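Colleague:
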Amino acid sequence: MRPLVIVVPFLNVAGMALFPFILVYNKAALEDKVLINHERIHLQQQLELLVLPFYALYLLNYLYNYIRFRNHHKAYMAISFEREAYHHEREMGYLVNRRWYTWLRFL
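Residue numbers for the sequence shown follow this note's numbering, so the first one is 429 and each next one is one higher.
#1: DSSP has Phe449 in a bridge; who is on the other side?
#2: Which residues in the same chain as Glu467 place their Cβ atom closer than 6 Å to its Cβ, once the five residues preceding and following it in sequence are excluded?
#3: Between which two residues does the alpha helix (DSSP H) carrying Ala503 extend?
#4: Quick check: what's the CA-CA separation for Val436 versus Phe447?
#5: Could you tell me the alpha carbon to alpha carbon distance between Glu512 and Val479, rounded to whole angstroms?
#6: What do you reckon, are the CB atoms on Leu471 and Pro431 nearer than 8 Å?
#7: Does DSSP classify Glu519 as helix, strand or coil?
#8: I'd like the span of the alpha helix (DSSP H) that includes Ala484, first residue to last.
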């Protein structure tokens, strides 16, 4: 799957996967292979969960982590979807061999 990448200048983060799009904050980010791969991993996670359940689980995972850590950054970094994406973002061929629901290993 080759996602459509859209530049959104007012985006407050480097990138965001919003199925079926990847949003980035500037044109330079279009060339950031690691960022794009990270967001492509999220698109695959969204696809395997039929999109809407992904967002619900993402939010619940964040809230649980926030209560646990009382810190936004720690809570975000502990989200299982983010842990998988950060762990494999530099592996450009990761999605070719990735098994479905791999994010469960990062719970």
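Even glycine gets a Cβ: it sits at the ideal position worked out from N, Cα and C. Model, not experiment: these values are computed from the prediction.
Modeller: Taking the structure as given:
#1: Looking up residue 449 in the sequence shown gives position 21. DSSP, once it has assigned bridges, lists Leu432 and Leu446 as partnering Phe449.
#2: Here the question's residue 467 lines up with position 39 in the sequence shown. Apart from the 5 residues on each side of it in sequence, Glu467 sits with its Cβ closer than 6 Å to the Cβ of Gly443, Ala445 and Ile450 in its chain, given in chain order.
#3: Taking the first residue of the sequence shown as 1, we reach residue 503 at position 75. Annotation: the continuous alpha helix (DSSP H) that includes Ala503 extends over His500 to Met505.
#4: As a working note, residue 436 is residue 8 in the sequence shown. As a working note, residue 447 is residue 19 in the sequence shown. Approximately 15 Å between the Cα atoms of the pair.
#5: Walking along the sequence shown from the start, residue 512 turns up at place 84. Walking along the sequence shown from the start, residue 479 turns up at place 51. Our two residues, Glu512 and Val479, have alpha carbons roughly 17 Å apart in a direct line.
#6: Mapped onto the sequence shown, residue 471 falls at position 43. Mapped onto the sequence shown, residue 431 falls at position 3. For Leu471 and Pro431, yes; Cβs fall inside 8 Å.
#7: For the purposes of this step, residue 519 is taken as the residue at position 91 of the sequence shown. Reduced to three states, the DSSP call for Glu519 is coil.
#8: Position 56 of the sequence shown, counting from 1, holds the residue named residue 484. Unbroken alpha helix (DSSP H) run through Ala484: Leu480 to Phe497.
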